[in-house]
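Structure, rendered in structure tokens:
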């Protein structure tokens, strides 16, 4: 079981929300939303990397656990 702070869930949710907002957009609106999504995604990646390094966690497994928790609506800060 991988444990992680709620901050990682919050950041991943934000990135997913920004990604979802791209649906149906075209042209400049799509490009602008893509940049917002990319910025949010970069924050997630940086936080996952920092937490992994600080705790000695496998970065890939940590990232997958956070994504799974967000996608499956888990509210606690652990995932299998």
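Residue numbers (the working numbering): 21 to 100.
We put the CB at the ideal spot given by N, CA and C, even for glycine.
Values in this document were obtained by computation on a predicted structure and should not be read as measured data.
Work out the CA separation of residue 35 and residue 61 for me, nearest whole Å. Straight-line Cα distance between these residues: approximately 5 Å.
In whole angstroms, what is the alpha-carbon distance linking residue 73 and residue 38? If I take the Cα positions, the gap works out to 26 Å.
Contact between the region 24 to 33 and the region 65 to 79 is defined here as three or more beta-carbon pairs at a separation below 8 Å; is this criterion met? Contact holds between the region 24 to 33 and the region 65 to 79, because three or more Cβ pairs, one in each stretch, are under 8 Å apart.
Name the residue from 82, 93, 87 and 92 whose alpha carbon lies nearest to the alpha carbon of residue 23. Closest by alpha carbon: 82.
Suppose you measure from the CA of residue 46 to the CA of residue 55; what does that come to, to the nearest Å? Whole-angstrom Cα-Cα distance: 13 Å.
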